[in-house]
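Down below is the structure, laid out as structure tokens.
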Amino acid sequence: MAIALVTAVDDPTRFRSACDVGAYLGLTPKRYQSGAVDIGGRISKTGDRLTRKILFAAATVILYRASPSIALKQWGLRLSARSGKWKARVAMARKLAITLLTMWKTNTMFENRSFAT
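The sequence shown begins at 1 in UniProt numbering and counts up one residue at a time.
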């Protein structure tokens, strides 16, 4: 998963914020805006398709196969109960991409801490 992100991103410093990697990989919703209308749609699916698929698969594994003590799984299950399993998987894939990019930029290891909603 990390190799796919490194290959797709190439240079982590090109993102001002780690949150920008979600949009780069197509893991953010499309927007339709016209006048007073602002509609959010499906994910944009821009960027590297293979990396997006790998992140989505990793999110699925974490959601259904990982230990219950993992904070990311707990966050995903709460989100799944609120928004549905598909939206939760996409949100987890985006959060994984953000977490991996942050770890890469700061040269740190993963720590199992609570995730903000």
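All C-beta atoms, glycine included, are put in the ideal place defined by N, C-alpha and C.
First and last residue of the uninterrupted alpha helix (DSSP H) at residue i
i, result
"G76", "71 to 83"
"K45", "K45 -> no alpha helix (DSSP H), and no H or E assigned at all."
"A18", "Segment: none, A18 is in no alpha helix (DSSP H) and carries neither H nor E."
"L5", "2 to 9"
For residue i, three-class secondary structure by DSSP
i, result
"D38", "strand"
"R31", "strand"
"R94", "helix"
"T108", "coil"
"L55", "helix"
"L100", "helix"
"R65", "helix"
Whole-Å CB distance - residue i paired with residue j, under 8 Å assumed
i, j, result
"I62", "I54", "The Cβ separation is near 13 Å, so there is no contact."
"residue 190", "L72", "For residue 190 there is no data in the structure shown, the boundaries of the chain being 1 and 117."
Environment of residue i [buried if 16+ CB atoms lie within 10 Å]
i, result
"A2", "exposed"
"G84", "exposed"
"V90", "buried"
"I43", "buried"
"V37", "exposed"
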